[in-house]
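What follows is one structure encoded as structure tokens, with my remarks underneath.
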Amino acid sequence: MSDADTTPTDASTDSFEPVDVFSGEPMDLRPGADDCYKCTTCDTSCPVAEVDDDFPGPKFQGPEQWRLKRKGDDDIDPSINSCSNCMRCDNACPSSVPLSQMHNEARGAFVERQMEKLSTEYVRNRILANYRTSAWFASKVPQIANFAMNFGPARWVMEKTLGVTAEREFPAFAQQTFREWWAERGGAHVENPDKRVAYFHGCYSNYNTPEVAKAMVHVYEHFDYEILVPPQKCSGTPMFANGMLTDARRHARTNVEELAAAINDGADVIASCTSCSMALRQEYPELFDITDIETVAQHTYEGLEYLRINEDLRGAVEESEVDMPDMAYHAPCHARNQGLDRQAVELFRDLDGVDVEDVGPSCSGISGTYGWKEEKYDKSMQIGEEMFEHMEAGAGEEGMTECPTCAMQMEHGTGYEITHPLEVLQEALTETSAA
Amino acid sequence: MAIREDVLVVGGGLAGMSAALSAAETGATVRLLSHKKSTLRHASGLVDCLGYTGDDGPLADPYTGLSDLPNEHPYRVVGESAIREGFDRFDGVVGDSYRGGHTDANALVPTQAGTIKPTARYPASMAAGLASDARSTLLVGFEGLSDFDAPLAADRLAAAGVPFDVRGVTLRFPKEFRADAKLTRYARALDRDEEPDRDRAPRFDGVRRALAELVRPKLDGAERVGFPSLVGDDENDVVREDLANRLDVPVFELAASPPSLPGVRLESLFLAALDEAGVRRTTGNPVVDYESEDGALTTVYTDKNGQRVPYGADQFVLATGGLVGKGIGSSRDGVREPVFDCHIPHPEDRYDWSATDAFGDQPFARFGVVPDDDLRPLDAAGDVEFSNLRAAGSVLGGADFAAQKCGSGVSLATGHVAGERAGALI
């Protein structure tokens, strides 16, 4: 009997018995799929669909593909690998359909079941996703690594054999990692059982931009926080984007265990990279079932955000002054989903001596590893065009962003030097940046 | 608590943004909290005032219909001068990008569905397409663009009795996209004047020129050409003018169903105005809880996967939208306003919420909070819920936005009043 045959006036039909249709599956995404009413708003916010003629958009990749799979033993469409995991669709959906969760799950299943493990693409993606491993090796011999990684003939070979674009310059590895600096300095200079943060520095500010991590330390010590730097691995961001969920789960287990221990010691977790904080806050509880994973998500903040919530940051900034060039600010996509896309611009509006201009809602186009792939490079630059144009149209001759790969793209497209908001804050609040 | 403003607006749609602008104009510091990108992305970009009252309409002059509205309609609560002020504010925000401000009269704007909508303000891109204009019209659609069937829309406009000849043709866009390409893909190709495909337009180096050359032989005397709302995005004006110059007739866009680029463009205009006014914005997480003291709100909390962030203020505006915007929720247990749990009157038996005739007089369409003269939501006993909370936009009950074509106007008028009064109390 169909619904149309029942009499809707009988109040007794109200009793609602939920039926678990897909019992035994690890992740039931049906409520999310059912919440989609196909308004297609997600598609208009997808930066890839705007330039990629082969990409069917987030609505297909999420709820539609999920439903198609229920019908039979259908393969996942390989186009899932063209999603850059910018997660803009999450922020656009008026029904809170967990689009990025569905994409991550589908991409993970595609890589696990359908991708040829000996293919160049798989090997390339695995290497890109496990950036931490390469960075760890490189950090042992930074000068050689910096030379070798940008050595023309080597890059030509990398592009031809691995599909890593030769158009981009590899980021330089620091002579001294953040953790080496931290150990040399003797760890925390402030002890304070009442105000404690555990710093998740991530791979990039450890191996490539320790100046960002150091700025974080100086700013937080200025506000009298005791900083813990627990052992940690990759947040998993590049692994999610490449469907390497097994790798990501392994790293997540270590991170959750270490951070939960710090939380147990009275700390909140802060991150200076918006993709790292995004992973800990949203992707972890969405994708993995690990003890304390929800506790970690609930206690994790972005570095600037945490101070805004807990300190009179606006007051402190209003009383300060810097002498810095004007900057064009780009909000990373992953900052948007955490509600952080305006905080730097609005905070520095009250700071004398620097003018920070928001370059608008466009995506930078690099999306972590996406723009490093030889076949995606052109699309990555097409997506970035609008941001480059807005940066160049603005008054500033330098750039600002929280995300290390957005920074790479901003620099690549405009030649601007890129600063992290915490570095500006350090300049404003602390007189010296010496260790 | 560290994050604190004078006025906090919850909800980032037309009502919330208007409220934030009005409050900022009083000199108050203002923050706008919104959960997601606004439902303007679903909107046609048309800004209506009042199109129908009961069986009357379309109204030539929306202001003549005000006295026919029931007392509980938000327009009756704020009055005609507030409606005019709301539209003045709108005109200040949009500048030359919109038309219609020169008159009280409704404009009749054709849509992609082949219907006519009475509206108070319309994007400049739609100005050449008005249905009151007698120029013969060609509508152009594209193969593979499932949202718009030009011949069908033309037939429906003709059947509606428009005072001009109208034809529709479906062309192959000069550049081939996937079958269900997103409309942003078309808009971008026109914005950037990308290269057309050789087999579709062999002689021309940009899609704009190629498109004009494809349309020209179909003109057959038509005095204007209408396209779906994808004639460029950021460069909409430039693309439209380029096509018009090449075709030697005016070019216009038809109002679209969701997703709609004119709605997105309208949102951008408002965001720029908010930035200019110094309004702080936080978007991405929902407001889920609040604290109050002596009948006044002190704090609201946003939620991110169980993590709560407090935002304090002296005055608050609730502008979370209606059933579509999720400012009003319903379940088998009843109808409720999820943020502050403000009272929403509704029949106990949920089969009385709707009428069997889909286009009939639907009770659920008028569900919403009941305000006092000061737009403060009232509880079931008729007392204010909180002394410092005002409501604006479609979270207010008493109007049937879809049937009366008054949603945008109600948002602008009540947003303006709520924001101004909140700001004035600081």
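So the protein lines, in turn, are chains Z and S. Just so we're on the same page, the working numbering is the position in the first sequence counted from 1, plus 256. Just so we're on the same page, the working numbering is the position in the second sequence counted from 1, plus 1091. The C-beta atom is built at its ideal place from N, Cα and C for all residues, glycine as well.
In this structure, HIS1437/S sits near GLY1425/S, with a CB-CB distance shorter than 8 angstroms.
For the pair ILE674/Z and LEU681/Z, the Cα-to-Cα distance works out to about 14 angstroms.
In this chain, SER395/Z is not harboured by any beta strand (DSSP E); it is covered by the alpha helix (DSSP H) spanning 387 to 396. In the three-state scheme derived from DSSP, where H, G and I count as helix and E and B as strand, ILE639/Z is classed as helix. Residue nearest to VAL1200/S within the set ARG1269/S, GLU1096/S, ALA1347/S, ALA1301/S is ALA1347/S (criterion: CA-CA distance).
In the DSSP assignment, GLU654/Z forms a beta bridge with MET583/Z. At a Cβ-Cβ threshold of 8 angstroms, VAL1475/S and LEU1487/S do not count as neighbours. For the C-beta of ARG1276/S, the chain Z residues within less than 8 angstroms are, from N- to C-terminus, ALA305, GLU306, VAL307, ASP309. Residue-level contact check: ALA1368/S does not touch chain Z, since none of the beta carbons of chain Z fall below 8 angstroms from its beta carbon.
Neighbours of ASN1396/S in chain Z, taken as residues whose beta carbon is under 7 angstroms from its own, are ARG537, GLN538, PRO541, ALA553, GLN554 in chain order. Going by C-alpha positions, ASP1097/S is about 24 angstroms away from GLU1428/S.
About 26 angstroms separates the CB atoms of ALA1173/S and VAL1391/S; that is not less than 8 angstroms, and the two are not in contact.
Between the alpha carbons of MET1108/S and ALA404/Z lies a gap of roughly 53 angstroms.
Taking each of LEU1388/S, GLU1285/S, HIS1193/S, VAL1330/S in turn and checking the Cα distance to PHE1477/S, the smallest one comes out for LEU1388/S. Exclusion of the five residues before and after ALA517/Z leaves PRO486 as the residues of its chain whose Cβ lies within less than 8 angstroms of its Cβ. Here HIS507/Z is buried: its Cβ has 16 or more other Cβ atoms, across all protein chains shown, within 10 Å. The beta carbons of ALA1494/S and ALA1456/S sit closer together than 8 angstroms. For the region 1371 to 1384 of chain S, the beta-carbon criterion of a distance under 8 angstroms to any beta-carbon of chain Z is satisfied by ARG1371, ARG1372, THR1373, THR1374, GLY1375, ASN1376.
In the DSSP assignment, the residues bridged to LYS629/Z are VAL420/Z. When rounded, the separation of the alpha-carbon atoms in VAL453/Z and PRO1209/S is 57 angstroms. The beta carbon of VAL1257/S lies closer than 6 angstroms to those of THR1228, ALA1245, LEU1248, ALA1249 in the same chain, with the five residues before and after it left out. Distances from the CA of ALA394/Z to each of ALA572/Z, GLN432/Z, ASP614/Z, PRO303/Z were compared; the closest alpha carbon is that of GLN432/Z. Close CB contacts of ALA1218/S within its chain, under the 6 angstroms cut and outside five residues either way in sequence, are with ARG1190 (chain order).
For the region 1350 to 1368 of chain S, the beta-carbon criterion of a distance under 9 angstroms to any beta-carbon of chain Z is satisfied by PRO1350, SER1351, LEU1352, VAL1355, SER1359, LEU1362, ASP1366.
The Cβ of CYS459/Z sits no closer than 8 angstroms to any Cβ of chain S. Annotation for SER1125/S: the continuous beta strand (DSSP E) segment containing it runs 1121 to 1125.
The three-state secondary structure of ALA444/Z, taken from DSSP, is coil. For TYR1381/S, no alpha helix (DSSP H) segment is defined; the enclosing uninterrupted segment is the beta strand (DSSP E) at 1378 to 1384. Between the region 316 to 323 of chain Z and the region 561 to 579 of chain Z, the count of Cβ pairs shorter than 8 angstroms is below three; the stretches do not touch.
Proximity of chain Z to HIS1434/S at the Cβ level (cut-off 7 angstroms) is not reached, the minimal Cβ distance being about 23 angstroms. ASP608/Z and GLU577/Z do touch by the CB rule: their CB atoms are close to 4 angstroms apart, below 8 angstroms.
Taking the beta carbon of GLY313/Z as reference, the chain S residues within 7 angstroms of it are LYS1273, listed in sequence order. For the region 1400 to 1423 of chain S, the set of positions with a beta-carbon nearer than 8 angstroms to some beta-carbon of chain Z reads VAL1400, PRO1401, VAL1415, GLY1416, LYS1417, ARG1423 in chain order. Annotation: Cβ neighbours of ARG1279/S in chain Z (cutoff 9 angstroms, chain order): GLU306, VAL307, GLN638.
At a cut-off of 8 angstroms between beta-carbon atoms, ASN337/Z makes no contact with chain S. At least one CB atom of chain Z sits nearer than 8 angstroms to the CB of ILE1094/S.
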